[in-house]
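Worksheet: the structure to be examined is printed underneath.
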Amino acid sequence: MSRNNIRLLRSYLRYRVGSKTKYKIHSPFVFDLITQVFESKVVPEVCNQIRSLYREQCRNSRVLETTDFGQSSSRMAYITEFLRISEIARTSSIKKKSGELLYRLVEHLKPETILELGTALGFSTLYIAKAYPDTHLYTIEGCAAKVEVARSNFGRMSATNIAVFTGRFDTQLPKVLDNINKLDFVFMDGHHQYRPTLEYFSMIMKHSHEDTVIVLDDIHWSTGMEKAWELIKQIPDVTVTIDLNHMGIVFFRKSLSKQNFIIRY
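Rendered as structure tokens:
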């Protein structure tokens, strides 16, 4: 077992020991979120359609020349690889459970403006966009080849409320934010490094408001991501955070007492 896999196992064991069920949660807001969103067993037909499209792409042998800016610790560095779409779909796409959770969150919150960092092949984007068709969803992806496939997937799912921006996060994010008055919901799933995560979070916060919800993927993916998550929890404007192990959810509602929850999910 690799050193990183050992670290991930230890992180998961800490999560299992420290996580709580709804019966030990004393916050009415978080309790309602658990019962109405996290525990929902309803799977809308559109989620099955997205999953069917995902399975189709897992059989797609077409090769793409991919560019990945998110794996390197250096902001200016990138990795170029020739990968089959099937491999990208299996390794980079959001998991079924997480995608359906995003769907239910957006359906529950009904945010008007959504930002996503990390489109990949567009499956997480589709879960978000189809949950609330009236939303305006802005998504950023560094790899042009992946964007091409994502746009095709959006067309096949008749998702017309998505605007895609291609390029590095540090160049595209300021452009996108300049055209947005406020952000209601954000999904951060790219450039899983300590410093970029905090910098992008800080930029996003300037366009956030009391009801904004920010979801960070892979908060335990690396020691850098765990460190960034710990610092985000300490930001004064952040009131409630929820650690689901694979995801972290951030709230800014002033009516809530500052608390950090680890929820078994």
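Counting in my numbering, the sequence shown runs from 603 upward without gaps.
Think of the CB as a built atom: it goes at the ideal place given N, C-alpha and C, for glycine as much as any other residue.
Distance between residue j and residue i (C-alpha atoms, nearest Å)
| i | j | result |
| --- | --- | --- |
| residue 808 | residue 823 | 26 Å |
| residue 867 | residue 653 | 20 Å |
| residue 757 | residue 664 | 19 Å |
| residue 763 | residue 613 | 37 Å |
| residue 768 | residue 610 | 31 Å |
| residue 815 | residue 638 | 16 Å |
| residue 834 | residue 826 | 12 Å |
| residue 789 | residue 733 | 14 Å |
| residue 777 | residue 838 | 27 Å |
| residue 696 | residue 726 | 6 Å |
| residue 675 | residue 795 | Because the pLDDT at residue 675 is just 47, under 50, the model does not fix this residue reliably, and the value given afterwards should be weighed accordingly. Approximately 6 Å between the Cα atoms of the pair. |
| residue 812 | residue 636 | 20 Å |
| residue 782 | residue 728 | 21 Å |
| residue 719 | residue 849 | 14 Å |
| residue 682 | residue 667 | 7 Å |
| residue 624 | residue 836 | 24 Å |
Residue i classed as buried or exposed, judged by whether at least 16 other C-beta atoms fall within 10 angstroms
| i | result |
| --- | --- |
| residue 626 | exposed |
| residue 791 | buried |
| residue 736 | exposed |
| residue 843 | buried |
| residue 832 | exposed |
| residue 620 | exposed |
| residue 859 | exposed |
Expected contact under 8 Å - CB spacing of residue i and residue j to nearest Å
| i | j | result |
| --- | --- | --- |
| residue 730 | residue 739 | 6 Å |
| residue 745 | residue 670 | 7 Å |
Limits of the unbroken beta strand (DSSP E) element including residue i
| i | result |
| --- | --- |
| residue 719 | 715-719 |
| residue 686 | 681-686 |
| residue 734 | Taken as a continuous stretch (DSSP letters only), residue 734 belongs to no beta strand (DSSP E), as it is neither H nor E. |
| residue 802 | Looking at the DSSP string, residue 802 is not in any beta strand (DSSP E); the run it does join, the alpha helix (DSSP H), is 796-807. |
| residue 756 | No beta strand (DSSP E) contains residue 756, which is instead part of the alpha helix (DSSP H) from 746-758. |
| residue 740 | 738-743 |
Start-to-end residues for the alpha helix (DSSP H) that takes in residue i
| i | result |
| --- | --- |
| residue 710 | 698-711 |
| residue 779 | 771-780 |
| residue 785 | Run containing residue 785: none; DSSP gives neither H nor E here. |
| residue 634 | 630-635 |
| residue 836 | 825-836 |
Chain C contact for residue i (CB, 8 Å cutoff)
| i | result |
| --- | --- |
| residue 731 | This model lacks chain C altogether, as it is built from one protein chain only. |
Give a yes or no on contact between the stretch 706-714 and the stretch 741-755, applying the rule of three or more CB pairs nearer than 8 Å.
Not touching, per the Cβ criterion.
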